[in-house]
Every structure is written in structure tokens, then in C-alpha cells.
Amino acid sequence: MLGSISPALAAELDPAFASHAVIQRDRPIPVSGTADPGETVTVEIGAHVGTAVAGRDGRFRIVLPAMAAGGPYRITVAARSGTSIAEDVLIGDVFLCSGQSNMEMTIAESQDSRAQIANSGDTAIRMMTVPRQTALDPRVTFEKAPRWDVAGPQTAGAFSAACFYMLKDLRRTVDVPLGAIHSSWGGTRISSWMSDAALGQTGAAAEVQLRQLSAKDPTSAQRGFGTRWESWWRAAHKDAPWMPDADRDWRPVPKIGYWEDWGDPELVEYNGFMWLRRELMLTAAQVAQGASLDLGLLDDQDVVWINGRPVGGGGSISTPRRYALPKGSLKAGRNVVTVNVNDLWGKGGMAGPADSIAVTFRNGQRLPLGEGWSYSPDRRRAPGMPRPPWDDTAGAGNLYAAMIAPLGSPALKGVAWYQGESDTALPGYAGRLSAMIAAWRVQFDTPNLPFAIVSLAGFGAPAAAPGASGWADVRNDQRKVAVNDPRVGLTLTLDIGDPFDVHPGEKRELGRRLARTMRAIAYGGPDSASGPSVRFVTRGENAVVVTFEGVTGSLVTRGSTQAIGFELCGADQASCRFVPGIIAGNQVTLPQDGAAPTRVRYAWADAPTINLFDSAGLPAGPFELPIP
């Protein structure tokens, strides 16, 4: 740990340069930290010394010359306010591992964890895990500071499994210390990890503005989100259940708590929308005071109205809801509170506790609302439901602001990115991914920073017939980004998913494949980054020929002499049909049957059935391409 040997307010280094850190070799070292505003700071690593003056915000940055791999070193930062020292610092290669739950999954949660943890000791492998945190504006320091840990039985269980196994496999061929900064959060959309500039480039400027407004005026921002949600609902369903006299099948809520515990058979495993309503009578004196509405915990997402007017919404599952009621939202006499709760998974509803639900007036008077509610389930669905831009997992830049921006700009060898499951219902993933990559390259001051992108593993029941697939859409968008950027590599995982678990436990093979990708794009290794990937499609006589690149040896099939998973399609979805593939070298020939196809696609399903590999055992990658 970073140890202070002077006053508690001594100048100190940012976590990326703290004790046990790994610093990128052969690149200038941008050391940063905090000191008293205006004081001169001196930083020393080995034979290199640099000075700077801390700014008005107390921040300093000193760029030291590049160093070769080695160590351990001591980093000393000295200033008038005191001296701090970081011990056991190595110079080697540093990676950033980020994404959602499959990157977040720890070694302890993955397969064969006991043996792997017991054998994890390697002082040349270190990891810094950034705790979950959110912010409405980009931060320069972490609210919850991370620390570096050396790989070993006491620490490795909490490491990202995919990230650790990538480092472990790289160690076979890269004889330098390896470090990883791990910053991920399960269930997150890519928009949460994008900078404001990247979001603006992909059509999300309005979301950025609403999130920024929330930092200054949360009440106005919540009302603005409620209005946006109303517009989406009206367009999709042509009604307004939040209005005070909405005609629905209202039933009495038996008790405040999760609706799965209410004894209603319809709700035992219900995930979806629930309308909740409560009437209250107020005097003119109460209305004149102004008030706030407390609703306790709501699981998962909420939008709230008073008398048909939006007053709040979009809080975190773990945060009790308190919404300031704008002037004019209450009236003397009958008032109606309406809450829409959207439960995405697990238990849902107004979790309470009951005694926390109330209207509180400015004079301190409290009107309890823990009883007397009605409910009405609503199973209707529609695409494009807005999520508040400050949402923990589906926000606009809030995780970038809290978990990426505070890293500053340390040099990196590469980035491993495993995310996309939460974007499978949202079009335009390729644009968002490209914009995020470009923005991160700017932050880490590396225009050609390599990115290893994990192509989504299969999940769910095998597809029995051709059909639309949001998972396939994301995989194809990932492929497009890799095709258009030589420093982006695709790590294919279709064959190592779990049909019953969106979090496959096999992370060692994933780590090995990530290492293979990283060797190709970050080290210039001879092997292909991903294995068999489509190169081009041609139309032959009564056949379509698909040519692959990145094939080790030749293409092979498993369990059949024919390649399965290929489809020929016309203009619409209904025209797609499975066709057998005949392999020869690095090509697959698809016989043309019936009407002339205009598109060919492969592995186009959430959980496709595939049997096409190369001689190295790597699966062919999914794709959709027009037939010229």
C-alpha cells in the first residue's frame, strides 16, 4: 500500500502508481497525484527525477522518461506538505480489463477455482480492481480508491478470472511483469462506459445533458426523464395509466414488500411492469408548504407521478427514493400517487420498509403512506424503453466518469473488453463500440491502443429455425469493428458458452484465447487474432462460396461431414433457410436452393449450433454479409 511517512495530508500518488503497481515499460511515465495547491512536488523512480507545481485543484502530473522492464522500484513523492512512498513497483506491461459481468466474474466464482487459487502465486502478476462506483460528472480521483494486489492464494480469488487467465497465459511468452487494471460492472450497457464526447458522436447528446442537469438540479432532471418515459409509453401503447382516473384492474396491495411474497399466483415469478397507486387527502395548508415524497426501496426501476404529473424516477435499486415535489403538483383534497415499477430479474416491487413511505411537509409533519396501495400488473412490452442517464447499469457515461476517467492517462499495452449482453436489444452497437475505443485511446494517449473484444458466448436454447437474434447482431457489430481496425482483435467464444447460464464458468479457455488475441494485436505475434473469420463471399454457379482467413491448418467439422449453422437469405427474415456447407481448405461452399439469395449468414442465433473449427480448435466466427 501507499505509505505516508509524514503528515496525513502529505502529497500522494494516484492508485495506478501505488505500492505493488506495474507501470508500462518503454513508454514515458505520466505520474500523477494530489498535493497542497501551489506546492512544488518532486517524484523519483530509480534514477529518474521530475518536478511540478500542484494546480489550484491540488493535482500534479509529472512525465518521467521511459524505463525498461524490471524492478522492484520505490516511487518517492516529496513536497512541503510531506513525503509518501510506494514500494515494490515493477516495470512491465499493463492492461485494462473492462466490461460487464463476464469480465467481472472472479476466479472464486469460476470453474476449478480451488486449484487455480492455490496455484496462483506469481509475484510478476498484479491486479488493481476498481470498486463499483458512479458519478454524474467525470472525476479526477476515485471516491472508493482501488489498490494493487500481487497474485497469490490470499488475493487471486477476488481477481477477474478472464483477466487473470489472460495474464497467466501471456506469461508463457512474455517474460516481463504483467499488471492489469480491472474496472467492470455486471449488467452494464456500453453507454455507461463512454465519455461525453463519444456519447455525443453516437446520438446520445440529450442523455448527456440530462445527466449533467441531474448533477445540478436532480428534481428537474427526474421530471425531464419522466416526461421522456411518458412519450415512449404513449407511442407504444396509446394509453396513460399514470393519470389519476386511469381505468385498470386495480387490486389491493396486501402488504408493502416484494410482490412475489403477496400470495398472488400470477406474481410468483413475474418480471415486468407493475402499476401501483395510492390516494391521499390534503388540506390547503399542507399543500401550501411544499413537500417531498419518500417511497423506500423500489426494485428495479421506477417512474413516479403525482396527479398525472411526473415528479421522479430512475433511482438505484440500493437507494431509497426521495423525490422533491415541485410547486403545483399537490392540491387541496384528493391526490393520487402513481408508481410504475419495472422488475428486470429476481424479486420486484415496493420493497419498503412500510414505515419509510410517506409525504413529508416542510414543517416536518409526516403523512404515512405505508398502507392503502393498489396494484395492477402490465405485461405489455415495447422496444426502446428509455433508461435514466444516471442509472447504475444503463446510464450515459456515469461509469466512465467514476471508474475510467479517474485512472488518468497511464500508458497501457492493451485493453480486454467483454461486454455486449446488455446491448442485445439496442441497434447501433458498432458505432458505440468504435466511439468508445477512440475516446479511450485519447484518454490513455495511445492512438493505436490495442483492443481485444470478446465475441459474445452462446446462451439459451439452441435455435431450431432461422430467426432474428439480438445477440447475433451484437456479435456481427463486434466483427465489423475488428475488420475495420487492425489494432482491434476478436476473441471467439461461441463454443465455450453455457446454455443455462449467461455467465459461463469456463474462464481459463477464455483467458487463453484473449491472450492469443493480445499476442497478435499488441505483440505482433504470428498467429491470427481470432481464428477463422469470414474474408469475403462470392456467388458461383448454383452455389455461394464463403472464404475464411485466420485459419490455422484448414477448416474442419465436428460430428458431421457438413458444416452446419449457415443460412441463405433473401430480402426479409422469413426467407432465411439453413443450408449445409461443404468445406475445402479455407472455404465453405453452400448449394443454392430455390430463389437466388442476397445475404449469407453464419451462427445467427443467441445460442447457435455450430461445428466449424480450424485445426487449432478455434471456432469460426459469426457473420452476416451481402452476396455480390
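Residue numbering for the sequence shown follows our numbering, starting at -5 and increasing by one per position. Ideal Cβ positions, reconstructed from N, Cα and C, are used throughout, including at glycine. Small disclaimer: the values here were computed from a predicted structure and weren't measured.
Those runs of the beta strand (DSSP E) which lie wholly inside the stretch 447 to 488 and span at least 3 residues: 482 to 485
Buried or exposed by the 16-neighbour rule on C-beta atoms within 10 Å, applied to PHE607: buried
Nearest neighbour of VAL409, chosen from GLY343, MET430, PRO22 and LEU261 [CA to CA]: MET430
As assigned by DSSP and simplified to three states, the class of VAL436: DSSP places VAL436 within a helical segment (H, G or I) once states are collapsed to three.
Terminal residues of the alpha helix (DSSP H) in which PRO593 lies: Here residue 593 is Arg; the residue named in the question, Pro, does not match the sequence. Here ARG593 belongs to no alpha helix (DSSP H); instead the beta strand (DSSP E) covers 593 to 596.
Environment of ALA29 [buried if 16+ CB atoms lie within 10 Å]: buried
Length of the line joining the Cα atoms of ARG375 and ASP87: 47 angstroms
8 angstroms contact criterion, which PRO382 and GLY389 should meet: CB distance rounded: 7 angstroms
8 angstroms CB neighbourhood of LYS210 in its chain, flanking five on each side removed: Contacts found: none.
Contact the stretch 303 to 316 vs the stretch 260 to 271: 3+ CB pairs below 8 angstroms: no
Simplified DSSP assignment, three categories, for LEU(-4): For LEU(-4), the predicted model reports a pLDDT of 41, less than 50, meaning its position is unreliable and no value from the coordinates is stated.
Opening and closing residue of the beta strand (DSSP E) in which ALA352 lies: 352 to 355
C-beta contact flag for THR182 and LEU393 at 8 angstroms: Their beta carbons are under 8 angstroms apart, which means THR182 touches LEU393 by this criterion.
DSSP three-state assignment for PRO304, whether helix, strand or coil: strand
Residue range of the alpha helix (DSSP H) that includes THR221: Per DSSP, the unbroken alpha helix (DSSP H) holding THR221 starts and ends at 212 to 231.
Integer Cβ distance of ASP163 from GLY505, believed to fall under 8 angstroms: 6 angstroms
Under 8 angstroms between C-beta atoms of ARG426 and ILE184: yes
Per-residue DSSP class, three states only, for SER416: SER416 falls in the helix class under three-state DSSP.
8 angstroms contact criterion, which PRO147 and SER114 should meet: CB distance rounded: 6 angstroms
Residue environment, ALA156, which counts as buried when at least 16 other CB atoms sit within 10 Å: ALA156 counts as buried, since at least 16 other C-beta atoms from the protein chains shown sit within 10 angstroms of its C-beta.
Test item: CB-CB of GLY220 and ASP293 under 8 angstroms: No, the Cβ-Cβ distance between GLY220 and ASP293 is not below 8 angstroms.
Collapsed DSSP secondary structure at ALA424 in the structure displayed: It is helical.
Proximity below 8 angstroms, CB of PRO444 to CB of ALA509: no
Best match in ILE604, MET512, ARG571 and ALA590 for proximity to THR167 [C-alpha to C-alpha]: MET512
ARG19: first and last residue of the uninterrupted alpha helix (DSSP H) it sits in: Annotation for ARG19: no alpha helix (DSSP H) segment contains it, and DSSP assigns it neither H nor E.
Contact the stretch 546 to 565 vs the stretch 527 to 535: 3+ CB pairs below 8 angstroms: no
Exposure of VAL468, with buried meaning 16 or more beta-carbon neighbours within 10 Å: buried
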